[in-house]
Each structure stands twice: as structure tokens, then as C-alpha cells.
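Residue numbers (my numbering), protein chains in the order written: chain A, 1 to 201; chain B, 202 to 402.
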């Protein structure tokens with residue numbers, strides 16, 4: 001049986017940290033895993049920037065709540081979940097996505113979580129180290145074949161591990177760097193690729 | 202981070218084989234994993250009964266399509282998926298649940314699949330041996346804490362493996378036999394238990 005594992009941001013939602021950067025005007029927060037592959041380094045930068053600029057956890061949640069799924073995402077999520085089980089594997093934080101999960105019709109999202117200090121500022125995070133790749137590996141151990149979808153450097157390890165790895169709306173730079181993966185730029189193309197993969201078993 | 206893993210039939214849907222038994226009038230099909238703990242034995246009996254009575258795959262699908270989620274199931278599924286990621290682990294078959302997954306608002310269901318012969322009869326199945334327990338184990342390896350919900354003998358191994366095991370609407374016999382697990386009889390009770398479990402971490 002196949003299972004679909006996909007990244008979240010830039011695939012079904014806008015990049016939440018870019019939204020936060022735009023709303024707060026803090027330029028350093030524009031950086032995402034598309035730009036910096038080391039998530040720990042990226043998170044340390046973010047925590048420092050937020051604290052320096054006096055942006056607390058509650059402000060972040062209010063910004064996250066304004067996010068809307070990308071155009072066509074909800075339809076795709078319905079289609080995919082009628083085809084096979086699906087899990088979204090993301091480096092985002094549960095605190096950001098749980099308030100908007102109803103807008104996506106409650107997909108299963110496995111991600112990280114934030115720590116907040118007494119003054120209400122983000123002070124740390126619980127990261128499942130290499131969580132995306134590990135989750136793919138263990139689903140395979142449980143007897144499933146995995147199709148994975150991602151767009152950036154932090155998805156490469158899970159794409160490598162999967163039975164079928166697909167880039168979705170990825171930069172031409174990363175697509176060229178990893179020619180072993182398929183690359184699509186719309187939900188329609190992604191649907192076709194998924195159907196082909198399942199039927200060629 | 203917590204993840205919720207639950208059984209499907211008798212928790213969110215009626216027992217599909219009981220529905221099939223009622224619709225076809227084949228008494229042998231009344232047996233479920235509540236009665237027979239050996240899934241392979243149970244499936245062999247089912248396949249033989251269906252063939253002997255001339256009930257083909259398409260007839261089964263038409264019966265399955267009539268199934269409706271249990272009262273309150275859809276609301277509970279929304280609530281749970283806003284609390285944490287959730288995966289349904291079931292010994293049912295994807296061919297039966299995919300046509301009605303939209304009625305449950307597309308939860309992630311990992312289950313088995315059927316084989317159909319040229320004459321259109323069920324001839325076999327692909328079973329992930331001990332799939333429920335293995336999946337719990339591998340999710341824990343991926344760094345997640347697991348709450349599991351089930352109602353019958355085929356759930357016991359996954360309840361044992363979980364960080365928190367819960368019987369839902371289980372028979373008093375099985376509840377007494379496994380006093381180490383919590384036991385609830387309504388979605389409201391289940392919600393309270395889940396909240397307590399998460400908050401006591």
C-alpha cells in the first residue's frame with residue numbers, strides 16, 4: 001500500500017516565517033529552509049530577532065492565523081486523501097498550524113513544537129532531529145511504499161529515502177542539483193505523477 | 202509531540218463485515234475481530250463464504266458505500282485533529298473505506314488491501330502482519346508519544362505498545378481481561394482522557 005508524505009509550506013500553505021517577516025517588518029525573518037539548510041542555525045537566528053524586536057509568541061500566533069491555504073490546496077488534499085493515506089511532514093511548529101488546520105480540512109501534520117518563556121517570548125523548540133527522513137524510513141519498515149513531495153533542501157533526505165521523490169514548485173537550482181527526483185509545478189501535474197506511480201507498481 | 206492512533210470500525214464506523222452480513226444474509230460474516238482474534242483465519246472464512254454465496258467484490262463495495270460514520274464521529278475527528286496529528290490504523294480494506302472517506306472528512310487511514318480475481322470475486326488480501334503494533338513502534342522511533350484507541354482483541358498489541366492505551370466501547374469481558382488500559386464509552390469521555398494525558402506530560 002502506498003502512503004503520501006508531503007512538506008507543508010510552499011506546497012499547501014505560504015511560508016509562515018515569510019508572512020511573519022512581512023507583518024513585523026523584520027527582514028532577517030525572510031530566511032527559510034529554502035535559503036538556510038541548517039534548521040537549528042535558522043531557528044536560533046529567528047528567536048534572537050524576535051526577542052530583539054519585541055515580537056512575542058501571541059503576536060506570532062495572530063499572524064499565523066491569517067494564513068490561507070494556497071489556491072487549489074484544499075481540493076488537492078481531498079483528492080490525495082481519497083487515493084491513499086497521507087501525512088504532512090513539516091519543520092513548522094504545531095502552535096502555528098493547529099489554529100488554521102481546519103482551513104485545510106484537518107490533514108495529519110507531524111511537525112515540531114515551540115517553547116515559550118514566562119514573559120511570553122519564544123525561547124526554544126522541540127525538534128525531531130532529521131524527523132522527515134526518519135518518519136519515511138519507519139513507514140517503510142511498517143510495510144508501506146512512500147511517495148514524498150517537497151520543495152527545498154530540508155526535504156532532500158526524505159525524497160532520497162522515499163520510493164518516489166517529487167519536487168513541487170522547487171527552485172530551478174535545486175531541481176538541477178538533484179536530477180534523480182521528478183519535478184512538478186502544479187497540483188494537476190502532481191496528480192498525474194501520483195497516478196502513474198501507483199499504477200506502475 | 203503526541204500522536205493519536207485509533208482503530209476505525211466500532212470507533213468511527215459501524216463494523217463493515219456486520220453490515221455485509223446483514224445485507225447479504227450470510228450469517229458467517231457476522232464474525233469480526235471482536236469474536237475471532239486470528240485475522241488470517243477470519244479472512245479465509247469470509248472469502249470462502251462470499252464465493253459460496255455468489256457475492257462479488259462490486260456488491261461488497263456497494264454495501265460499504267452505504268455506511269455512515271457513527272453519531273458524533275465526525276465532530277470528534279475534527280476535535281482530535283485540531284489537538285494533534287492523528288492516524289487511523291485498521292484491519293479493514295482500503296477498497297471499502299476510500300469510497301466513504303469523504304463522509305469522515307478524509308482522516309489518514311492505514312489499512313490493508315484486497316485482491317480480486319478475474320471473475321470479480323475477492324480472492325485474497327495484502328495484510329501488513331502485525332501492522333498496528335509495528336506502526337505504533339515506528340512512530341515512537343520517530344520521536345512521537347502515542348495515544349492509542351481500540352475496542353477489540355486485534356487492538357491489544359498496539360495498546361500495549363503505546364504510551365497511553367484506551368479501550369473505546371469495548372466489551373466488559375476484554376476490559377476486565379486487560380485492566381492496565383483505560384476504558385471509555387463516549388467521545389466526551391475520550392476527549393477528557395486525551396486532554397488529561399497531554400497535560401500530565
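Glycine residues also receive a C-beta, built at the ideal position from the N, C-alpha and C atoms.
- In chain B, no part has a C-beta under 8 angstroms from the C-beta of residue 64(A); the shortest such distance is about 14 angstroms.
- Beta-carbon to beta-carbon, residue 106(A) and residue 269(B) are separated by about 19 angstroms, too far to satisfy the 8 angstroms threshold.
- Contact annotation: in the segment 73–107 of chain A, residues whose CB is within less than 9 angstroms of a CB in chain B are 77, 78, 80, 81, 82, 83, 84, 85, 86, 87, 88, 94, 98, 99, 101, 102, 105, 106, 107.
- Taking the Cβ atoms as the reference, residue 311(B) lies roughly 13 angstroms from residue 349(B), outside the contact range of under 8 angstroms.
- In the DSSP assignment, residue 242(B) falls within the alpha helix (DSSP H) that extends over 240–253.
- Among the residues of the segment 375–394 of chain B, none has a Cβ less than 8 angstroms away from any Cβ of chain A.
- Around residue 158(A), no beta-carbon contact reaches into chain B at under 9 angstroms, the shortest distance being about 12 angstroms.
- With a 10 Å radius around the Cβ and a threshold of 16 neighbouring Cβ atoms, residue 286(B) comes out buried.
- With a cut-off of 8 angstroms on Cβ pairs, the segment 185–200 of chain A is not in contact with the segment 233–244 of chain B, counting fewer than three such pairs.
- An exposed status is given to residue 48(A), since fewer than 16 other beta-carbon atoms sit within 10 Å of its beta-carbon.
- For residue 42(A), the closest alpha carbon among the candidates 91(A), 23(A), 80(A), 58(A) is that of 91(A).
- Judged by beta-carbon spacing, residue 142(A) lies beyond the 8 angstroms limit of residue 376(B), meaning their Cβ atoms are not closer than that value.
- Proximity of residue 340(B) to chain A, defined by a Cβ-Cβ separation below 8 angstroms, is satisfied.
- Look at residue 32(A): its C-beta is not under 8 angstroms from any C-beta on chain B.
- At least 8 angstroms separates the beta-carbon of residue 133(A) from that of residue 302(B).
- Taking the CA atoms as reference points, residue 158(A) sits about 47 angstroms from residue 254(B).
- Residue 113(A) holds the alpha-carbon nearest to the alpha-carbon of residue 129(A) among 113(A), 56(A), 10(A).
- Separation of residue 192(A) and residue 309(B) (C-alpha to C-alpha, rounded to the nearest whole angstrom) is 21 angstroms.
- The beta-carbon separation of residue 294(B) and residue 326(B), rounded to 7 angstroms, stays under the 8 angstroms limit for a contact.
- By the Cβ-count criterion, residue 211(B) is buried, with 16 or more other Cβ atoms from all chains shown falling within 10 Å of its own Cβ.
- Scanning its chain for C-beta atoms nearer than 7 angstroms, with the 5 sequence neighbours on each side dropped, one finds around residue 156(A) the residues 178, in chain order.
- Inclusion of residue 204(B) and residue 345(B) in the CB contact set at 8 angstroms is warranted, their separation being smaller than that value.
- Chain B has a Cβ within less than 8 angstroms of the Cβ of residue 135(A).
- Between residue 122(A) and residue 57(A), the C-beta spacing is below 8 angstroms.
- Within its own chain, the residues whose Cβ lies closer than 6 angstroms to the Cβ of residue 17(A), once the five positions on either side in sequence are excluded, are 29, 32, listed in chain order.
- For residue 131(A), the C-beta contacts it makes with chain B under 8 angstroms involve 343, 344, in order along the chain.
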